[in-house]
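Peer 1: Protein chains in written order, with the numbering used here: chain A, 32 to 331; chain B, 3 to 256.
We treat Cβ as the ideally placed atom computed from N, Cα and C, and that holds for glycine.
Since the structure is predicted, the reported quantities are computational estimates derived from the model, not experimental observations.
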Amino acid sequence: MTTDRIADLPKLGVGLSYQGTLQGFVLDNLASFDFLEVIPDVFWVDQGRGPERSERYRENRDSVAYLSRVMEQRPVICHSVGLSIGSADYFDTAHVEQIADWQARFGFPWHSDHLSFNRLEHASGHAIDVGVTMPVPYDEAVLDLLCERVDHVQATVPVPFLLENNVYYFSIPEQEMGEAEFLNRLTARTGCGLLLDLHNVYTNGRNHGFDPRELLDRLDLTRVVEIHLGGGMEMDGTYLDAHSGPCPPEVWTLLEEILPRTPNVCGVVFEMFGNYFPSVGPEPLRQELRRAREILDRRA
Amino acid sequence: MSLQDFQRALSDLVMSPGLRTRVAEAPAESLAGYELSDQEHRRLTALARDPGLRTGTIIHRASRLAMLSNTVPRTCRVLGSRGLKELVHAYWSEHPPQSMLYVQEASRFADYAFARLAAGTFENPFLREVLEMELGILILSRAERAWERLVGTEIPERPRLHPFCRLVAFRHDPDAVIQALDTGRPLDGITAAEHFLLLSAAGAGRVTQQPVKVEQGRMLAACDGLRAMEEVCAVAGVAQEVLGAVVVAGLVVA
């Protein structure tokens, strides 16, 4: 992939991250967002590695039918959680092929996953999911491993691939490079794009005592295709990227500051976990989407 | 191999507060089972003391708990917050994760809970029936096709329940239990009585539930594929005609 491919992507606008509890909200509030971002993994049951791919992924027909209905009115983007691209012990090529199948069916113009690992072979011999987006060491060897895998993803799925910067609650000591350098070298070597989660940057800065601008100033922002926003909460002295409600004011400020420097941004997505929706309610969610749109419009 | 073992050790540190304590106290001994470079060893020793790992543990446990709350939500309600906390913490401490598949995790938790109930080390009069029902629904919802009535009226030599059906023995009225759980009412007032609920795969992820008469339920429960038909009738305490009726209904097969 080249920079030109990123530059040619459609500018979709404001996106809403889909959760099961938002089914009704999505259909009733189509005017409040320009595209829907979905986690494809929740539309199928992964039976685990072993069987043929057609057997391995059992799609939930009702959910896929719902998605098709939404797609008649709004574009859909896939943001997967199933690749675990940083896992040292295996690379799940069947998952990549499944994403390629979905891209052929649903035609999303780009797709993304997380720069972390969460799946691994346990000592017991079973594949497990830690349930945490675990950080990978920012080392040369890890960079080589990731570049090879990103190349594979890009050769298999014929649209730009983005990786999301990680939220981390502990920092691996003695890393060979910083986060910005690692991300810049990864995107430069592979041509992949960046999904810049500003709430992750804010969370990391708050928990690890640095100014998010220190990272953003060092990052090659021309690689940013999509931006994530979200809210969090404090727990026992740690700020959690909990996707629990409105976006903190500091994150909105960061968005306003970096948009002029991100010429290839095509979408700004607001994320909130579905279990918080009943208590947060629809109007605050609409407000967050409106605010994102106002900031994007000002840039335009 | 080294990065692989580093990730395995780091994941273990996140999942196990006990391992963190051991590594902090005796790193060489506690990390001996992993093939690590010197640098990885230093990294893990430092991380074992990092308070951020505790946050990782909380997120890991929330994720593992979500595997149960998504698959067996009524079971979680039957247990209540105190009972759930007691049971899952004991389960997690004895059973590290083995699968990222929700059904397998729910089955493994069910095996643990049933063993605790059988041993008398955990008590809850509604747990077994509700957990069996939810597990049955979970498994049948993933059946490759719907249950279909098979043609044939002959009683098989060693009858067994149709593989796309499951029978759940209740010690309370299932309707009353389900309604109470779904509306947040207490279960205390529901009196004990023998009931049976038949679950069958209906295709496309759906499962039908229907109560069956006690006589028929006992019969179906005895159809384990091992007993001969005479023994089935004797165990269930019913006449052979009852077995004939469930054969015609397509509920048991050879």
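Short of 8 Å in beta carbon distance, which residues of its chain neighbour B:His164, apart from the five on each side in sequence? Order them along the chain.
Peer 2: Here the question's residue 164 of chain B lines up with position 162 in the second sequence. The answer, listed in chain order, is Trp149, Leu152, Ser202, Gly252, Leu253, Val254 and Val255.
Peer 1: Using 8 Å as the Cβ pair cut-off and three pairs as the minimum, do the region 36-53 of chain A and the region 308-322 of chain A touch?
Peer 2: Touching, per the Cβ criterion.
Peer 1: Does A:Tyr121 pass the burial test, meaning 16 or more other C-beta atoms within 10 Å, or should it be called exposed?
Peer 2: Along the first sequence, one-based indexing puts residue 121 of chain A at 90. Counting Cβ neighbours within 10 Å, A:Tyr121 comes out exposed, since fewer than 16 surround it.
Peer 1: Does the beta-carbon distance from B:Gly227 to B:Arg162 come in below 8 Å?
Peer 2: By one-based count along the second sequence, residue 227 of chain B stands at place 225. By one-based count along the second sequence, residue 162 of chain B stands at place 160. Taking 8 Å as the Cβ cut-off, B:Gly227 and B:Arg162 qualify as a contacting pair.
Peer 1: Under DSSP, the beta strand (DSSP E) around B:Gly82 begins and ends at which residues?
Peer 2: By 1-based counting over the second sequence, the position of residue 82 of chain B is 80. Segment Pro75 to Glu96 is the alpha helix (DSSP H) holding B:Gly82; no beta strand (DSSP E) there.
Peer 1: DSSP puts B:Ile157 in a beta bridge; with which residues?
Peer 2: Within the second sequence, numbered from 1, the residue matching residue 157 of chain B stands at position 155. According to DSSP, B:Ile157 bridges with nothing at all.
Peer 1: Hey, is B:Ala50's beta-carbon within less than 8 Å of any beta-carbon in chain A?
Peer 2: Stepping through the second sequence from its first residue, residue 50 of chain B is reached at position 48. No - not a single Cβ of chain A is within 8 Å of the one on B:Ala50.
Peer 1: Would the region 147-163 of chain A count as touching the region 105-121 of chain A if we require 3 or more Cβ pairs under 8 Å?
Peer 2: They touch, by the three-pair rule.
Peer 1: Quick one: list the residues of chain B neighbouring A:Asp120, beta-carbon separation under 7 Å, in chain order.
Peer 2: Counting from 1 along the first sequence, the entry for residue 120 of chain A is found at position 89. Within chain B, the residues near A:Asp120 are Gln6.
Peer 1: So for B:Ser18, helix, strand or coil by DSSP?
Peer 2: Residue 18 of chain B sits at position 16 when you count from the first residue of the second sequence. Correct three-state label for B:Ser18: coil.
Peer 1: For a cutoff of 8 Å on Cβ pairs, would you count B:Ala29 as touching chain A?
Peer 2: Position 27 of the second sequence, counted from the first residue, corresponds to residue 29 of chain B. Per the sequence shown, the amino acid found at residue 29 of chain B is Pro instead of Ala. Closer than 8 Å: no.
Peer 1: Quick one, are the C-beta atoms of A:Tyr200 and B:Gly186 less than 8 Å apart?
Peer 2: Along the first sequence, read from residue 1 onward, the residue named residue 200 of chain A stands at position 169. Along the second sequence, read from residue 1 onward, the residue named residue 186 of chain B stands at position 184. No, the Cβ-Cβ distance between A:Tyr200 and B:Gly186 is not below 8 Å.
Peer 1: On the criterion of 16 or more Cβ atoms from any shown chain inside 10 Å, does A:Glu257 qualify as buried, or is it exposed?
Peer 2: Mapped onto the first sequence, residue 257 of chain A falls at position 226. Label assigned to A:Glu257: buried.
Peer 1: Excluding the 5 residues flanking B:Glu196 on each side, which residues of the same chain have their C-beta closer than 6 Å to its C-beta?
Peer 2: Translated into positions along the second sequence, residue 196 of chain B becomes position 194. So the qualifying residues of the chain are Val216.
Peer 1: Nearest to A:Tyr233 by CA position, among A:Ala273, A:Gln185, A:Cys223 and A:Pro313, is which residue?
Peer 2: On the first sequence, position 202 is the one that residue 233 of chain A refers to. The residue with the shortest Cα to Cα distance from A:Tyr233 is A:Ala273.
Peer 1: What residues in its chain sit with their C-beta under 7 Å from that of A:Leu214, if we drop five residues either side in the sequence?
Peer 2: Within the first sequence, residue 214 of chain A is the residue found at index 183, counting from 1. Around A:Leu214: Asn196, Leu225 and Leu250.
Peer 1: In the DSSP assignment, find the beta strand (DSSP E) that holds A:Tyr270 and state where it starts and stops.
Peer 2: Reading the first sequence from its first residue, position 239 is the one you call residue 270 of chain A. Note, A:Tyr270: beta strand (DSSP E), Thr269 to Leu271.
Peer 1: Pairing CB atoms from the region 69-87 of chain A with CB atoms from the region 124-141 of chain A, are three or more of them under 8 Å?
Peer 2: Cβ pair count under 8 Å is three or more, so yes.
Peer 1: What in chain A is Cβ-close to B:Met17, meaning under 8 Å?
Peer 2: For the purposes of this step, residue 17 of chain B is taken as residue 15 along the second sequence, with counting starting at 1. Neighbours of B:Met17 on chain A, chain order: Val161.
Peer 1: Any beta carbon from chain B within less than 8 Å of A:Asn91's own beta carbon?
Peer 2: Taking the first residue of the first sequence as 1, we reach residue 91 of chain A at position 60. At least one chain B Cβ lies under 8 Å of A:Asn91.
Peer 1: Which same chain residues, not among the five before or five after A:Met102, have their C-beta less than 7 Å away from its C-beta?
Peer 2: On the first sequence, residue 102 of chain A is found 71 positions in, with the first residue counted as 1. Cβ neighbours of A:Met102 beyond the five flanking positions: Phe137.
Peer 1: Contact between the region 171-183 of chain A and the region 18-26 of chain B: three or more CB pairs below 8 Å?
Peer 2: With the cut-off at 8 Å, the region 171-183 of chain A and the region 18-26 of chain B do not touch.
Peer 1: Shorter than 8 Å from the beta carbon of B:Ile139 to some beta carbon of chain A?
Peer 2: Position 137 of the second sequence, counted from the start, is the residue given in the question as residue 139 of chain B. Cβ-Cβ to chain A under 8 Å: no for B:Ile139.
Peer 1: Please list the partners that B:Met135 has in chain A, where partner means a Cβ-to-Cβ separation under 7 Å.
Peer 2: The residue labelled residue 135 of chain B in the question sits at position 133 within the second sequence. Within 7 Å Cβ-Cβ: nothing; B:Met135 doesn't reach chain A, min ~20 Å.
Peer 1: Considering A:Val161, what are the terminal residues of the beta strand (DSSP E) in which it resides?
Peer 2: On the first sequence, position 130 is the one that residue 161 of chain A refers to. A:Val161 -> beta strand (DSSP E) spans Ala158 to Met165.
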